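Asks: This is the structure I have questions about; it appears just below.
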DNA sequence: AAATCAAGCCAAAGCGCTTTGAAATTGACG
DNA sequence: CGTCAATTTCAAAGCGCTTTGGCTTGATTT
């Protein structure tokens, strides 16, 4: 059943039917009711492709899905999607995923732009050498970034969490607890979130008068395996006086690996090592799900998904005009994996004030 | 730049351009080259909506994304998507996600069907009271199921793994190792995969002459929390003679919880308890990532995603006509969490043959 | 009673592509 | 040189919707 058939059935013009169904005022309430009723009864649904062609609006937002034999999507993507989907529902938009290998991303965006198959896109997993912002802007696709680029620094719309502040706070807590030998198992440093987080940690060190080299920093994909491997290099065969006492971890999957390594080495949290982990909020694995409940920096990626959908629709519909950079604060939640530095590891004091911040 | 403009530029008809670009034989190789070159140079890409309208083909496959405040997408969905996306790339199709709360699923499929926004859909998370197969068949949307329904038993196309066989094999191994007090922490029994798996376990018990009641069976959403909670009810305050010695787990997240509980209770794998876990293959958490490497039943959900894309496209294009039910075998991989039943738990033998299968 | 106006409806022109059926061009051949 | 078939190109008719601009009404104003 299409518009023409329905119009013949009701002995009304296609115009009137279309207007009645789309809520235009030029049609009497009486006819509208009749039309709506008939449409429902005969199961009429407008052909979305015809509508898209006529209006130029796609009614969907796009995402270029990175694929490849060795490309792993972020496991938190399901949570992000849940949030996005929940909001998309209320705005009646669909989500269109265009798969593309990293090397052919540009091409994918060009096709999306030229084919007008979506009204806007969101970008995520921002990299240090981010090219996409300039690209999609040039292609005139409305867009919203999840995360920030290093350059351009502003002038584009984004939603991001305060990664710098979060890890500043986390490092600060460790320092306040007396820890001086810190390590950070970071995510892939090609991504800006990892750079920002590292920046937060080093700023905290600086504030405490510690040189940046005092931090043992490792960068790798955020999975259990790397957590285990890097924790092993940090702690195996090290005696209490030299190994780190405060450890920052980029994700709970990483921390799973760290915990396995510590167990194996007979090190305990927080007695031997204090750990703070970033938690994107993942219902299948919670910070309480660890032998010792994790102290975390927490920010719901699901909420971010919902917000990104909301704002992207606003940008598309012209409700939001100025490019706002929305930075969310991150909670630091103290649970069981943080505690005072172990006695035998306390730095030898020369002056009584050495433990205090440098300023 | 649209088709008309390009045709004027080249002083050729729109017909010829369209044919040249789409590889029809009615155009000389010489003109085709000229056209393709000009299209590339001027960045011409056909408007996808116009094309969809004209051809009736959407060039995308659809999925109804379950959303809701308390709805959690399966974390393995990212892996499934990776596989799907990888194959979608080679077939040049996009993936369209239509969010819908569970109660309004039917409506979503109806809209998809009437609006012709996708060429076909795949269904997943098949439930016992599955309605969707009849629905989409009635709506004449080409479809492929990931997983099987209980009814109808056949007559529809699907890709599934041999859940029954996998858990038969797993239970059998435990029985062969002498375990007689088995427990199974299953996924939500509303889903058919959980029913099939339970069926496999009970069949194995039957083959060994054990009554179905001898299995302690728990069903719950597959996350760490439930794994911990249910393992606690199984093992806490139970002495060695009454607690289960063989345990089956529906997912690695569940097993994380089980392991935490066992650690806390001071029970060891495999000395006190043998465990077999189902592994969908998740790069962020591998069976080797446990203090004791997990014995698993393994089947790559990523491979399933790729295969489902492949077959769905075949179904849409008419290459596949008969509804094939494709059931993949599942590997049983023995690692460290399985071993012989502990001595003190061995059943008192009355006859020497009691350990052998009943048949 | 004529003039004005708003309300309600309609015909028709797009949107940008594919595809049908016919026309023009070419080359081969008697 | 005319004929026929094969090759290459084209004009035009859709695909199913939205939207512009105009046409009828019947009511209200002057």
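Residue numbers (my numbering), protein chains in the order written: chain A, 564 to 922; chain B, 564 to 922.
In this text, a Cβ means the ideal position worked out from N, Cα and C, and glycines have one as well.
From a predicted model like this one, the values you see are computed outputs, not experimental measurements.
Would you call the stretch 719-739 of chain A in contact with the stretch 783-792 of chain A, where contact means no fewer than 3 C-beta pairs closer than 8 Å?
Replies: no
Asks: What do you reckon, are the CB atoms on residue 818 of chain A and residue 742 of chain A nearer than 8 Å?
Replies: no
Asks: Could you check where the beta strand (DSSP E) with residue 841 of chain B kicks off and where it finishes?
Replies: 837-842
Asks: What's the call for residue 735 of chain B, buried or exposed, on a 16-neighbour Cβ count within 10 Å?
Replies: buried
Asks: How about residue 748 of chain B and residue 813 of chain B: are their beta carbons less than 8 Å apart?
Replies: yes
Asks: Output needed for residue 905 of chain B: all residues of its chain with C-beta closer than 8 Å, excluding positions within five of it in sequence on either side, in chain order.
Replies: 803, 808, 834, 835
Asks: Please compile the residues from chain B whose C-beta is within a distance smaller than 9 Å of the C-beta of residue 849 of chain A.
Replies: Against chain B, a Cβ distance below 9 Å from residue 849 of chain A picks out 786, 787, 788.
Asks: In the DSSP assignment, what are the bridge partners of residue 894 of chain B?
Replies: B/861
Asks: Tell me, to the nearest whole angstrom, how far the beta carbon of residue 746 of chain A is from that of residue 828 of chain A; I am working on the premise that it is less than 8 Å.
Replies: Incorrect: roughly 14 Å between the Cβ atoms, too far for contact.
Asks: Using three-state DSSP, classify residue 670 of chain A as helix, strand or coil.
Replies: The DSSP-derived three-state label of residue 670 of chain A is helix.
Asks: Grouping DSSP H, G and I as helix and E and B as strand, with all else coil, what is residue 691 of chain B?
Replies: Correct three-state label for residue 691 of chain B: coil.
Asks: Consider the Cβ of residue 677 of chain B: report whether some Cβ of chain A lies at a distance smaller than 8 Å.
Replies: Judged by the 8 Å Cβ criterion, residue 677 of chain B is in contact with chain A.
Asks: Does the stretch 638-651 of chain B come close enough to the stretch 624-637 of chain A to have 3 or more Cβ pairs within less than 8 Å?
Replies: yes
Asks: Leaving aside the five residues before and after residue 894 of chain A along the sequence, list all residues of the same chain whose C-beta is less than 6 Å from its C-beta, in chain order.
Replies: 861
Asks: Output the distance between the C-alpha atoms of residue 790 of chain B and residue 863 of chain A, rounded to the nearest integer angstrom.
Replies: 23 Å
Asks: For residue 615 of chain B, which residues in chain A fall below 7 Å Cβ to Cβ?
Replies: Residues of chain A passing the Cβ test: 612.
Asks: What in chain A is Cβ-close to residue 636 of chain B, meaning under 8 Å?
Replies: Around residue 636 of chain B, the beta-carbon contacts reaching into chain A at under 8 Å are 641, 642, 644, 645.
Asks: Counting contacts by CB-CB distance shorter than 8 Å, is residue 912 of chain B in contact with chain A?
Replies: Its pLDDT being 47, under 50, residue 912 of chain B is placed unreliably in this model, and the value from its coordinates should be taken loosely. No, residue 912 of chain B lies away from the interface with chain A (no Cβ there is under 8 Å from its Cβ).
Asks: Looking at residue 682 of chain B: is its Cβ nearer than 8 Å to the Cβ of residue 611 of chain B?
Replies: No; because the gap between Cβ atoms is not below 8 Å, this pair is not in contact.
Asks: Just to confirm, are residue 839 of chain A and residue 901 of chain A a CB contact at a threshold of 8 Å?
Replies: yes
Asks: With DSSP run on the structure shown, which of helix, strand or coil describes residue 630 of chain B?
Replies: Strand, per DSSP.
Asks: Let me know the secondary structure DSSP gives residue 900 of chain A once reduced to three states.
Replies: coil
Asks: Identify the residues that DSSP records as bridge partners of residue 721 of chain A: which are they?
Replies: A/708, A/888
Asks: For residue 763 of chain A and residue 726 of chain A, which I take to be in contact (beta-carbon distance under 8 Å), what is that distance rounded to the nearest angstrom?
Replies: 7 Å
Asks: Could you please tell me which residues of the stretch 888-907 of chain B, in chain order, have their CB closer than 9 Å to any CB of chain A?
Replies: Within the stretch 888-907 of chain B, no residue qualifies.
Asks: Under 7 Å Cβ to Cβ from residue 766 of chain A, same chain only, skipping five residues before and after it: list those, please.
Replies: 731
Asks: When you compare only the Cα positions, how much space is there between residue 581 of chain B and residue 594 of chain B?
Replies: 12 Å
Asks: Does the distance from the CB of residue 865 of chain A to the CB of residue 897 of chain A come in under 8 Å?
Replies: no
Asks: Can you find a C-beta in chain A that's less than 8 Å from the C-beta of residue 751 of chain B?
Replies: no
Asks: Helix, strand or coil, according to DSSP, for residue 681 of chain B in the structure here?
Replies: coil
Asks: Would you verify that the beta carbon of residue 920 of chain A is, or is not, closer than 8 Å to some beta carbon of chain B?
Replies: Here residue 920 of chain A scores only 49 on pLDDT, less than 50, and its place in the model is too uncertain to base an answer on.
Asks: So what does residue 809 of chain B bridge to, in DSSP terms?
Replies: B/745, B/837
Asks: Using the three-state DSSP reduction, which class does residue 819 of chain A fall into: helix, strand or coil?
Replies: Here residue 819 of chain A carries a helix assignment [DSSP, helix/strand/coil].
Asks: Any beta-carbon of chain A closer than 8 Å to the one on residue 663 of chain B?
Replies: yes
Asks: What do you get for residue 882 of chain A, buried or exposed, if any count of 16 or more other CB atoms within 10 angstroms of its CB means buried?
Replies: Exposed is the label assigned to residue 882 of chain A, since fewer than 16 other Cβ atoms lie within 10 Å of its Cβ.
Asks: Quick one, which residues of the stretch 796-824 of chain B are near chain A if we go by CB-CB under 8 Å, in chain order?
Replies: So the close ones are 816, 819, 820, 823.
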